[in-house]
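Chains as they are written, first to last, in our numbering: chain V, 1 to 335; chain B, 1001 to 1332; chain L, 2001 to 2252.
Structure, as structure tokens:
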Amino acid sequence: MNLTNMLNAPKAGIRTPEAVRRERRVLLVLAGLAVAAVAGFCFIGLVGNWEYALGIRTRKVAAMVVVGTAIAVSSVLFQTVTGNLILTPGIMGFDQLFVLVQTLIVFLFGALALTSADPRLLFAGQVAAMVLFAGGLYRSLFGRDRKDLFVLVLAGIVFGTLFGSLSSLAARLINPNDFVVLQDSLFAGFNQVDPSLLGLSAVVVAATAVWTARLSSRLDVVALGRDYALNLGVGHASVVNQALVVVAVLVSVATALVGPLTFLGLLAANLARQLTGAFRHGLLLPAAALLSVVVLAGGQTLLERVFGMNTALSVIINFAGGAYFIALLIRETRR
Amino acid sequence: MTRPPATTGRPRTRHLAAGTVLLAALAAGSLFVGVSGLTPAGVLDGRPEEVRVLLESRLPRLLAVLLAGTAMSVAGLIMMHITGNRFVSPATAGTNESAAFGVLVATLFAGGQALFVKMSVAVLFALVGTFFFMWILRRLTFRDMILVPLVGLMFGAVVSAATMFVAYRADLLQTLGAWTSGDFSGVLRGRYELLWIAGAVTVLGYLYADRFTVAGMGRTFAVNLGVRYDRVVNTGLVLTAVITAVVVSTVGEIPFVSLIVPNLVTLVLGDNLRHALPATALAGALFVLVCDIAGRLIRFPYEIPVSTVIGVVGSVVFLTLLLRGGKRMGLR
Amino acid sequence: MIEIRDVTKRYDGTTVLDRVSLTIEPGGVTSVIGPNGAGKSTLLSIVSRLAPADGGTVTVDGLDVAATPGEVLARRLAVLRQENHMPVRLTVRELVAFGRFPHSGGRLTPADLALVDEAIAYFELEPLADRHLDQLSGGQRQRAYVAMVLCQDTDYVLLDEPLNNLDMRHAVQMMRRVRRMADDYGKTVVLVMHDINFASCHSDTIIAMKDGAVAAQGPTARMMTPEVLGPVYGLDIDVHELGGSRIGVYFS
Chain V
1 MNLTNMLNAP KAGIRTPEAV RRERRVLLVL AGLAVAAVAG FCFIGLVGNW
51 EYALGIRTRK VAAMVVVGTA IAVSSVLFQT VTGNLILTPG IMGFDQLFVL
101 VQTLIVFLFG ALALTSADPR LLFAGQVAAM VLFAGGLYRS LFGRDRKDLF
151 VLVLAGIVFG TLFGSLSSLA ARLINPNDFV VLQDSLFAGF NQVDPSLLGL
201 SAVVVAATAV WTARLSSRLD VVALGRDYAL NLGVGHASVV NQALVVVAVL
251 VSVATALVGP LTFLGLLAAN LARQLTGAFR HGLLLPAAAL LSVVVLAGGQ
301 TLLERVFGMN TALSVIINFA GGAYFIALLI RETRR
Chain B
1001 MTRPPATTGR PRTRHLAAGT VLLAALAAGS LFVGVSGLTP AGVLDGRPEE
1051 VRVLLESRLP RLLAVLLAGT AMSVAGLIMM HITGNRFVSP ATAGTNESAA
1101 FGVLVATLFA GGQALFVKMS VAVLFALVGT FFFMWILRRL TFRDMILVPL
1151 VGLMFGAVVS AATMFVAYRA DLLQTLGAWT SGDFSGVLRG RYELLWIAGA
1201 VTVLGYLYAD RFTVAGMGRT FAVNLGVRYD RVVNTGLVLT AVITAVVVST
1251 VGEIPFVSLI VPNLVTLVLG DNLRHALPAT ALAGALFVLV CDIAGRLIRF
1301 PYEIPVSTVI GVVGSVVFLT LLLRGGKRMG LR
Chain L
2001 MIEIRDVTKR YDGTTVLDRV SLTIEPGGVT SVIGPNGAGK STLLSIVSRL
2051 APADGGTVTV DGLDVAATPG EVLARRLAVL RQENHMPVRL TVRELVAFGR
2101 FPHSGGRLTP ADLALVDEAI AYFELEPLAD RHLDQLSGGQ RQRAYVAMVL
2151 CQDTDYVLLD EPLNNLDMRH AVQMMRRVRR MADDYGKTVV LVMHDINFAS
2201 CHSDTIIAMK DGAVAAQGPT ARMMTPEVLG PVYGLDIDVH ELGGSRIGVY
2251 FS
């Protein structure tokens, strides 16, 4: 997602000047909002031992940028390869799937494995398992025979419930007394981000972002559907596989850092589609990522510093996201 | 309903009898599953300790399981008829979540009040939630078979988020967890009896069965047969809301039961409520009982809450219905 | 030249194509006709590598479609399927520009842009160029899709029932344009056709399929006879010479 590159390449002639101007404007406004939200989160109400507080806030906001980008990019990619614009990895419970994979590793190999193994190796293993599961799920749901859009969405949601129930079952089997674990995994928290994971996550997200940017023009073609992609000479299967790997990696990173954030991806991806009116991933991906950061950092700033509330932002995102989802469903029927 | 299954008709008395025998056997067996050693011999001998455990804990628990399972399944069956949609049930219409919201609000404003107060508030919330969902439905330009429960699930998620918000602000998250995950382990004598209300309402549902069947065929059809459609629909909604609220306020949310049990039963027996209702009641009791026993045995001596067990089993069954149900479910 | 050798395709145990062999010579318009379930669309999908064959080979100018890299083939052969549902919201110009993707990837050169404009003009889509596809009528949309295929600028163009959803006037216009694509641009056009009379009026060669096999193949005049058409459709079909074309009559 090379921002300047994209702004300077208007591809004259394909889109109307108004459309080009609108895209630029939306992107610039979003970038401005994102910077404002990040700055606001860091500096509003900074008193007393500000150096210390700023350090903590910077770390939190860095986590928001990493997680926000990961969730937004994975959601846009997932929508593109499934051709389903009202489903996201979050709604399908991919984050729950990651929690399940984590729990299953403990279940199968014991807690010792979790503590003694090299965390990077362990993470790689978890991501590999995620890729396998996500790939299998994709094949079973979005394979050759086309099913009704809503059936897929409903099935996706129920899969999410299944993963959630399975991980709480597994968690209880491992440690019947410790229900706190369950409670923790229910809420996304930016307060207990592991600093050692943050750096690694940032690198992983940046690397996958570069990878995705290189895929971006082929993603535009894949978004048209399989037959069009094949006709235009794009290896549909290869792009889908790469995108699914990226999705699995990004969901894993985001979930490992802060836990499930079910509706953020839907909000970011679909609002980005609505605001920019664009289908090109070169525009869509950065717009969604910026929106996601705006929602996270801006939302947290408003909640904490302006309204003085200590409510988990994820609850509010779920509320807004659920309502937005209903609106999208209703709009879909009006087509 | 869209398409009658291939084999419709009266449940064979034989099958109902077999189901009842199975249920009785499991019910009797369930009395002796638990940490404190309870044996049939000991109870028959009248050992005071064992009789006390039986009467204070095991028997109330069994009754709660049977009542909740029966009532939730029948509530699902009724709702599926009056909405004319197989996949609409208290579990997919926000009714469960609204009731839980009600319990939370009651706890906030009437902390130490009796269970009955909580239940009443829960009933009120469940009613408002259900009718609000029906209001959204009327706004949909076309009622897709799948879209309706999707909207319902999302509506439930939104209500849940609102509940969480309030609970978070009031520092009641831990308490909230108790209702959002249905669990029979806390059932003791004196703390489940409200469930009899749900049982009574279920019987009421049976008396109304024919009218629900007719309403299930659609407004035009119902009006043609001289049934007051709106009144029947509203009655059905009230019945389901009451049942759901009673169950949620006594043992917590039990997912999926109200959705999958009626679906499985009508898949075999067809949609005539008078025939399907007793079988649904039986199957619901059986299903919840089996899941409860499983929850007690999987990690003995610890207990897995029944909602977790049903969450797993229920989502697998629902997915199978959804993806493999095909023609029989009127999906394709 | 498109060479189809012993192509077989099965779905769930039913044989849809049974060792089909065909040669389609370069140039001109070829129509594939036949009753429902004859395997016309399946054959088109296999030739255009949208579906894999269970046996046999297809070569386009000597390139095996199953083995040739997608982008190489995409510069030689373009295909348009019947159902054209598009999950993303595009303008006509954006859609047509996708036709240049096999040639220049995501980055359009001035030459590409000129071709996009040409294709749009050819299908008289200029007034609609910046409209979104979902704002167009079915006929306009169909024109936009075919314009994209033209813009792909391939030697071979395969269209599956291009007249689907078109009224009489638009159907005739579409067929005239297809005809001119072959005449003006020297393309080899292969159509799957439902209507034998449209096929008769606008194609040079007709291939008749029945029950997953080729029933007959030949120049249009030789194919448009009661003897050939009757058995293919299991129907008595009279053929009359009208205005220089052979018209099959089967309505009563």
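For each residue, glycine too, the CB sits at the ideal point set by N, CA and C.
Between residue i and the ligand SAH, is there a pair consisting of the residue's CB and a ligand heavy atom that are separated by less than 7 Å?
i                 : result
PRO1262 (chain B) : With respect to small molecules bound, the structure shown includes none, and the ligand SAH cannot be examined in it.
Hey, how far is the Cα of residue i from the Cα of residue j?
i                 : j                 : result
THR1175 (chain B) : LEU267 (chain V)  : 30 Å
SER168 (chain V)  : GLY1177 (chain B) : 13 Å
ILE2002 (chain L) : THR2030 (chain L) : 11 Å
GLY298 (chain V)  : VAL2088 (chain L) : 29 Å
GLY2218 (chain L) : GLY90 (chain V)   : 57 Å
GLU18 (chain V)   : VAL2058 (chain L) : 46 Å
THR2220 (chain L) : VAL2065 (chain L) : 27 Å
ASP2195 (chain L) : ILE2033 (chain L) : 8 Å
LEU141 (chain V)  : ASP1144 (chain B) : 20 Å
MET1001 (chain B) : HIS281 (chain V)  : Residue confidence for MET1001 (chain B) is low, a pLDDT of 43 falling below 50, so the modelled location carries little weight; the figure read from the coordinates is stated next. Straight-line Cα distance between these residues: approximately 43 Å.
ALA1057 (chain B) : LEU197 (chain V)  : Reading off the sequence shown, one finds Ser at residue 1057 (chain B), where the question assumed Ala. Cα to Cα, SER1057 (chain B) sits roughly 48 Å from LEU197 (chain V).
SER165 (chain V)  : LEU122 (chain V)  : 23 Å
GLN24 (chain V)   : VAL2190 (chain L) : According to the sequence shown, residue 24 (chain V) is Arg rather than Gln. Going by the C-alpha atoms only, they are around 43 Å apart.
ALA312 (chain V)  : ARG57 (chain V)   : 16 Å
GLY32 (chain V)   : VAL294 (chain V)  : 9 Å
Considering only the beta carbon of each residue, do residue i and residue j sit closer than 8 Å?
i                 : j                 : result
GLY2055 (chain L) : THR2015 (chain L) : no
ALA243 (chain V)  : LEU261 (chain V)  : no
MET2181 (chain L) : VAL2157 (chain L) : yes
MET1079 (chain B) : VAL1088 (chain B) : yes
PHE988 (chain B)  : VAL1232 (chain B) : In the structure as shown, chain B starts at 1001 and stops at 1332, and residue 988 (chain B) therefore has no counterpart that could be examined.
VAL2149 (chain L) : GLY2105 (chain L) : no
THR1240 (chain B) : THR1039 (chain B) : no
LEU1195 (chain B) : THR1250 (chain B) : yes
PRO1255 (chain B) : GLY1314 (chain B) : yes
LEU1077 (chain B) : VAL1166 (chain B) : no
If I measure Cβ to Cβ from residue i and keep anything under 8 Å in the same chain, skipping five residues before and after, which residues do I get?
i                 : result
ARG2019 (chain L) : ASP2006, VAL2007, THR2008, GLY2055, GLY2056, ALA2213
ARG2131 (chain L) : THR2091, VAL2092
VAL1033 (chain B) : ILE1293, ARG1296, LEU1297
ASP1210 (chain B) : LEU1273, ARG1274
Might you give, ordered along the chain, the residues of its own chain that have their beta carbon closer than 7 Å to the beta carbon of residue i, omitting 5 neighbours on each side?
i                 : result
GLN2140 (chain L) : LEU2128
ILE326 (chain V)  : none
VAL204 (chain V)  : VAL249, VAL253
LEU1204 (chain B) : LEU1239
LEU83 (chain V)   : It is Gly, not Leu, that sits at residue 83 (chain V) in the sequence shown. Within the same chain, GLY83 (chain V) has close Cβ partners GLY225.
Listing by chain order, which chain V residues have their CB less than 9 Å from the CB of residue i?
i                 : result
ASP1292 (chain B) : Those within 9 Å of ASP1292 (chain B) in chain V number zero; the least Cβ separation is about 14 Å.
GLY1311 (chain B) : THR161, LEU162, GLY164, SER165, LEU166, SER168, LEU169
With DSSP as the reference, identify every bridge partner of residue i, one or two as the case may be.
i                 : result
HIS2255 (chain L) : Any property of residue 2255 (chain L) remains undetermined from this structure, which presents chain L solely from 2001 to 2252.
GLU2241 (chain L) : L:ARG2246
PRO2219 (chain L) : L:THR2205
ALA2078 (chain L) : L:VAL2157
ASP2064 (chain L) : L:THR2059
Show which residues of chain L have a CB atom less than 7 Å away from the CB atom of residue i.
i                : result
THR16 (chain V)  : ASP2130
PHE279 (chain V) : VAL2088, ARG2089, LEU2090
GLY83 (chain V)  : PRO2087
Mind pulling the chain V residues with CB within less than 8 Å of residue i?
i                 : result
SER1315 (chain B) : VAL158, PHE159, THR161, LEU162, SER165
ARG2177 (chain L) : Within 8 Å Cβ-Cβ: nothing; ARG2177 (chain L) doesn't reach chain V, min ~19 Å.
Identify the contact partners of residue i in chain B, using a Cβ-Cβ distance below 8 Å as the criterion.
i                : result
SER292 (chain V) : Result: empty, since nearest Cβ-Cβ is about 18 Å, beyond 8 Å.
VAL151 (chain V) : ILE1146, LEU1322, LEU1323, LEU1331
LEU329 (chain V) : LEU1147, LEU1150, VAL1151, MET1154
Given that residue i touches chain V, what residues does it touch there, using C-beta distances under 7 Å?
i                 : result
MET1164 (chain B) : VAL315
Can you pull the chain L residues whose beta carbon is under 8 Å from the beta carbon of residue i, in chain order?
i                : result
VAL221 (chain V) : PHE2098, PHE2101
ASN270 (chain V) : Per Cβ cutoff of 8 Å: no residues; ASN270 (chain V) is ~12 Å from chain L at best.
Just the chain B side, please: which residues come within less than 7 Å of residue i by C-beta, in chain order?
i                : result
LEU338 (chain V) : With chain V covering only 1 through 335, there is no way to say anything about residue 338 (chain V).
GLY322 (chain V) : MET1154, ALA1157, VAL1158, ALA1161
Under 9 Å between beta-carbons, which chain L residues line up against residue i? List them in chain order, please.
i                : result
GLY235 (chain V) : PRO2069, GLY2070, GLU2071
Excluding five sequence neighbours on each side, which residues of the same chain lie with their C-beta closer than 6 Å to the C-beta of residue i?
i                 : result
LYS11 (chain V)   : Model confidence at LYS11 (chain V) stands at a pLDDT of 44, short of 50, so the residue's coordinates are unreliable and nothing is read from them.
GLU1097 (chain B) : GLY1156, VAL1159, SER1160
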